[in-house]
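Number of protein chains: 2
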Amino acid sequence: MEDTVDHLAHERSKAQFNVEEMKIIWAGSLHALQVSDRIAKLVASDPGFGKENRAVLSRKDLFKSALKKAAYVWKRINELGLSEEETSWLRFYVDELAYDYVHWGMFVPAIKGSATEEQQNKWLPLANTMQIIGTYAQTELGHGSNVRGLETTATFDPVTDEFIIHSPTLTSSKWWPGGLGKVATHAVVYAQLITDGKEYGVNGFLVQIRSLDDHFPLPGITVGDIGMKFGSGAFNSMDNGVLRFDRVRIPRNQMLMRVSKVTREGKYVESNIPKQIIYGAMVYVRQTIVADASIALSRAVCIATRYSAVRRQFGSPQNDQNGNGIETQVIDYKTQQSRLFPLLASAYAFRFVGEWLKWLYTDLIQKLEGNDFSTLPEVHACTAGLKSLTTSAAADGIEESRKLCGGHGYLSSSGLPELYATFVPACTYEGDNVVLLLQVSRFLMKTISQLQSGKKPTGTTAYIGHVEHLIQCGCNVKKAEDWLNLCVILEAFEARAIRLLVACAENLTKFANPLQGFSELSPDLVEAAVAHCQVIVVSKFIEKLQQNIQGIGVKQLLETLCYIYSLNLIHKHLGDFLSTRSITPKQASLASDQLRSLYAKVRPNAIALVDAFNYTDHFLGSVLGSYDGNVYPKLYEEAWKDPLNESVVPDGYHENIRPVLKQQLQNARL
Amino acid sequence: MEDTVDHLAHERSKAQFNVEEMKIIWAGSLHALQVSDRIAKLVASDPGFGKENRAVLSRKDLFKSALKKAAYVWKRINELGLSEEETSWLRFYVDELAYDYVHWGMFVPAIKGSATEEQQNKWLPLANTMQIIGTYAQTELGHGSNVRGLETTATFDPVTDEFIIHSPTLTSSKWWPGGLGKVATHAVVYAQLITDGKEYGVNGFLVQIRSLDDHFPLPGITVGDIGMKFGSGAFNSMDNGVLRFDRVRIPRNQMLMRVSKVTREGKYVESNIPKQIIYGAMVYVRQTIVADASIALSRAVCIATRYSAVRRQFGSPQNDQNGNGIETQVIDYKTQQSRLFPLLASAYAFRFVGEWLKWLYTDLIQKLEGNDFSTLPEVHACTAGLKSLTTSAAADGIEESRKLCGGHGYLSSSGLPELYATFVPACTYEGDNVVLLLQVSRFLMKTISQLQSGKKPTGTTAYIGHVEHLIQCGCNVKKAEDWLNLCVILEAFEARAIRLLVACAENLTKFANPLQGFSELSPDLVEAAVAHCQVIVVSKFIEKLQQNIQGIGVKQLLETLCYIYSLNLIHKHLGDFLSTRSITPKQASLASDQLRSLYAKVRPNAIALVDAFNYTDHFLGSVLGSYDGNVYPKLYEEAWKDPLNESVVPDGYHENIRPVLKQQLQNARL
């Protein structure tokens, strides 16, 4: 019976907005909500997708169970005849990393993006039916961020019409590709193309690495798993791998030749396909990572918010219905609110900027197809910066959410340790977050230097065109309520960003050598890039509020969250705002006052705001975050499932505990 | 042969200071260096203490191997006849969490602190020889921070002269104690004492929980492991446990009666031992945690610094000896330096403040024994605050160090994931870091309010006595070099702290209800408490520099680190410094300029500065941090040890991979 009681019902009854309408806003559309809801329930109700025990398994057993689940996913997709949309939701809710993640997410897109039509006709049918399983082999043991530094070579042999793929050094070993270690039969391998004695830079090659008969590596290929990674589940269900080539030969037509090719005679020829399409692929991947960031953060926030409403500590004891003293709900502490609610607001902010990025990508592709490359640098900088900003904030936010759950957040059954270990590599892969911000700052410095020549910045940099106004303007806030003005907030963010950018640009001119100047000032440039990216997030949140938003109280709550997101950032980066004189110390103090009022507005709506994410208990995978708030019985129950509890007296008692207690260690075999 | 080459020799040759003298400074004394060095080598050379494979083991196997190692530790301690000092170094370098950690670190000290002499005479000989193994059972499933809220009861039965220990609710289950789950035979249990129908608050009771004959739980006792925790090794080698009592009877004399007791007649009597000694124990534990923080952070920094010197990415290609283009060492990037070197400086700062805290504890105990309780509140606040400050910074710093290693930091073989997972609970246990800062701020508000009555603050709060000067004073820095003045820096920190504190005190007066005011302003109070704690760290670093420091260049380097620590904090908390007008925006910008010069000073000394920690490769447990810098061959070698690489074709191929590839899923059993 206990299970059917909703311990958070009272919290839910306090909500001042229409939760169902908010679910649509979060999902993006009624259609998206309905499809995702249906598939989420399908996954949650199928024992084949159970997530139990992941944390306690040995590496081998964990990997084996992931193989089984991946096969089951593929089986169910085919049996149910799921659409592409439904399939992607299914993979999303199954929420376990295995080779199929890389096959569908990187191998197939690489073929689509870099192979000729003829090549696609040959390989895509095999890949789409998983008759071959592929991976994406770019990074090497000694080479990550700097793709141009890759050492693997692909040397054309005109005698046999083949490429010779070779790993000349230990550091050229391919390292990290998911699915490579034990599963993939094929790989898109990036290597330095050499033909006719000349190097032509990094190109992609489709290389078979394992036999389709017995799964053994093909001759000349050394391949294996690179070992355990952060966490006990997380990426350990994935076989990230190492791969070395000892002069492996592949037919010439397995070079991916959409953008450039090598002829039968060994001539390197560039096609008329613009190289910029490669950036299109980068923009695609990074916008999906921004979407992932909002999801990972929202999961953590959902768990922490629900548990903060369940958990009680200290406080002037009120009496409950039975007249017993009860402690204060943790969520009522201002210290808890001031850490938790900005994260809740960030989850929404990142959701909306991610949604907008998805649109931006579609828009970009249309432009690229029409040979319009004008927006590419801005779009590229924007996605790179937002990938960096949102993943750093989400990773930190997940850990903060875990700490907000006190000691129990440290238990695997809280779901939070694995959520962190799974998400945090997003700060490093697909562009290290600091390296990306340096790229953004380089673009911004260029934008500023071009102002003089009259080039008008567009898109997310449009505000830079108003540099004269933004350098001089002053913030008009005189009392706390004045901060409840989206224009005032946006202008403060724009002023701070542009003033930091202009200061960097001016300091750069002091260096005779621009490269050295950029290097010396790089920490400042990174901070200015962050300020610019925050302008984007704030402005996209504001744009979202200007859309037609249905449902009682929905728009009001979103506005509150937008204010919290922004004012909390002002507080966090106050040094920037004050040193650029974008606001005054007095205004900063008024912003803090206003934040406190905003937290009070969110408090009764907190549980409903995380309910709007519409996550099933299966997807959340957290006892602390369970929908009904019945935390303690579930924690207790979960504990007994640990393998250590299979026997009352533990394995090893006779060999290693009893000899200690009985003072018989001299004779013990240790 | 490769193994004998020191790939970092060139880096080491650049050091501008005497590394051996710095090792003595880090160790605290020549004696400490010599003992620890000897034991570190002993541990590293004994295969019984090998740390390999921890990450890949299943929970059961990991636990079993920890049991074996704990027994081996005990065996070696006895065989070698180690002194107490040597024993503690041995446990330190073995670096694996098991029940002995709690037995020696909490159970034995609890008996020493809370048992009468007679009780100690009975129990300590058993505990000291490990004929009984104990744990410390305080926290409950529903009760962590708030000790007074514990629900477990100990009711005196005058008929039988026994206490009845009982768990009245599910949430009263003891939860978390290390060693409890599967090993401990005894526990110090904290419970609400009830005698003669009245409650007398929480007291400690010594309760046997398992049979010394067959290790089965005694009647009325339910005990087990609480399941997996963060990480794959970390605390998972420890059996943190759950414990319930169903009216378990223990003799009256197993109440720990040093401070208060219950007589044969059931009368509750307080002894003349001051209650304050309990705070003494808290101060002891927290000062050891500060020491742990500097060690954990220094390990991470050592790994990240060495690997940053090995790793190369991008950069204008110079040529190596063979005329090949080589990339820039990552440690030469200013973005890397601006993140890494402040962590290096923090490791030293925390080391010195920890050393001072150790002295403070000794001093406190002497005072308490002389019935002088005057310094207790200040010492208590100081240790609570420093525990909070250093553990938060160290935990964040370990993750930052991991990210500074790029993708490879995510591998278990980097040692960093486990270092983080093992250390981060220090932010929560022994006082949640935010709760502790609130306690500190409460003490500081009291200190300020007592100024008016003429009470002079002492010790770490002495500067508060100079409030009038510090409220008005202005910082005199006019050029970047002016920041190289320890007095100027300290005054800026003191000014910022006191101005934040005074602002809080003034804002508190605006609330009619002081409790409500404290609650509303708690986020500000936390920030003010942090500012105060930073004053302590900076001032203790400065005091260290005023000691007699031997060795060429040692003092200069430590000064440089002290400046980096302080100026980086100014940059990080710039909002505080500017809003309190402790410094101007111009001075902030000069501080940033000065920081860049300071990083350049550290750069050639970076490797030697982490060598000074004198950590063995065994203790570091990191391929990336290995002393000789021979990273890539070791990473490669390490990978092949993963169990997944035991077979070329993985377990599960025939059941779960082949049916996918061969399109035979319909018939597969999944």
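Chains D and X, in that order, give the protein sequences. Position 379 (the first sequence) corresponds to 379 in UniProt numbering; numbering is contiguous. Position 521 (the second sequence) corresponds to 521 in UniProt numbering; numbering is contiguous. Beta carbons are placed, not taken as given, at the ideal position from N, Cα and C, and that holds for glycine. Everything numeric in this text was worked out from a predicted model, so none of it was measured.
DSSP three-state label for residue i, please.
i: I464/X; result: helix
i: P109/D; result: helix
i: P514/D; result: helix
i: Q663/D; result: coil
i: Q452/X; result: coil
i: V183/D; result: coil
i: F350/D; result: helix
i: H166/X; result: strand
i: Q16/X; result: coil
i: H143/D; result: strand
i: T195/D; result: strand
i: E96/X; result: coil
i: F341/D; result: helix
Beta strand (DSSP E) containing residue i: first to last residue?
i: P633/D; result: Note, P633/D: premise wrong, no beta strand (DSSP E); alpha helix (DSSP H) at 631-639.
i: D37/D; result: Note, D37/D: premise wrong, no beta strand (DSSP E); alpha helix (DSSP H) at 30-44.
i: P251/D; result: 248-251
i: G201/X; result: 198-208
i: D157/D; result: 153-157
With a threshold of 6 Å on Cβ separation, who are the neighbours of residue i within its own chain once the five nearest residues in sequence on each side are excluded?
i: I570/D; result: F577, A591
i: L256/X; result: S114, A115, G204
i: L193/X; result: A154, Y200, N203
i: H186/D; result: I132, G134, Q208
i: I489/D; result: S566
i: M22/X; result: V554, A612
Which residue from the options puts its Cα closest to that of residue i?
i: S582/X; options: T509/X, D651/X, V477/X, K510/X; result: V477/X
i: N18/X; options: H31/X, L558/X, Y279/X, V283/X; result: L558/X
i: L486/D; options: Y420/D, I448/D, S566/D, I536/D; result: S566/D
i: R499/D; options: K510/D, E117/D, D524/D; result: D524/D
i: G149/D; options: Q138/D, V43/D, F619/D; result: Q138/D
i: K334/X; options: A27/X, V602/X, V610/X; result: V602/X
i: V435/D; options: S392/X, H7/X, Q313/X, T305/X; result: Q313/X
i: V73/X; options: F352/X, W104/X, V502/X; result: W104/X
i: E468/X; options: V526/X, E494/X, A480/X; result: E494/X
i: S597/X; options: I25/X, T288/X, L561/X, H573/X; result: L561/X
i: D593/D; options: D363/D, G431/D, P377/D, Y563/D; result: Y563/D
i: A395/D; options: M445/D, K479/D, R299/D; result: R299/D
Let's see if you can read the secondary structure: which residues bound the alpha helix (DSSP H) around residue i?
i: D225/D; result: Taken as a continuous stretch (DSSP letters only), D225/D belongs to no alpha helix (DSSP H), being part of the beta strand (DSSP E) at 221-225.
i: H10/D; result: 9-13
i: L521/D; result: Segment: none, L521/D is in no alpha helix (DSSP H) and carries neither H nor E.
i: S592/X; result: 585-602
i: S388/D; result: 376-404
Leaving out five residues on either side along the sequence, give the residues of the same chain with a beta carbon under 7 Å from the beta carbon of residue i.
i: L665/X; result: P659
i: G553/X; result: Q16, F17, N18
i: I39/D; result: E86, W89, L90, Y93
i: V269/X; result: S260, K261, T263
Enumerate in chain order the residues of its own chain whose CB-to-CB distance from residue i is below 8 Å, with the five nearest sequence positions on each side excluded.
i: G266/X; result: F156, P158, T195, D196
i: T171/D; result: E140, L141, G142, H143, E151
i: D372/X; result: none
Touching or not, the stretch 425-440 of chain X and the stretch 401-411 of chain D, by the rule of three or more beta carbon pairs under 8 Å? yes
Indicate whether the contact test is met: 3 or more Cβ pairs, each with one atom in the stretch 41-55 of chain X and one in the stretch 627-637 of chain D, closer than 8 Å. no
When you compare the stretch 539-555 of chain D with the stretch 506-513 of chain D, are there three or more beta-carbon pairs, one atom per stretch, that lie closer than 8 Å? no
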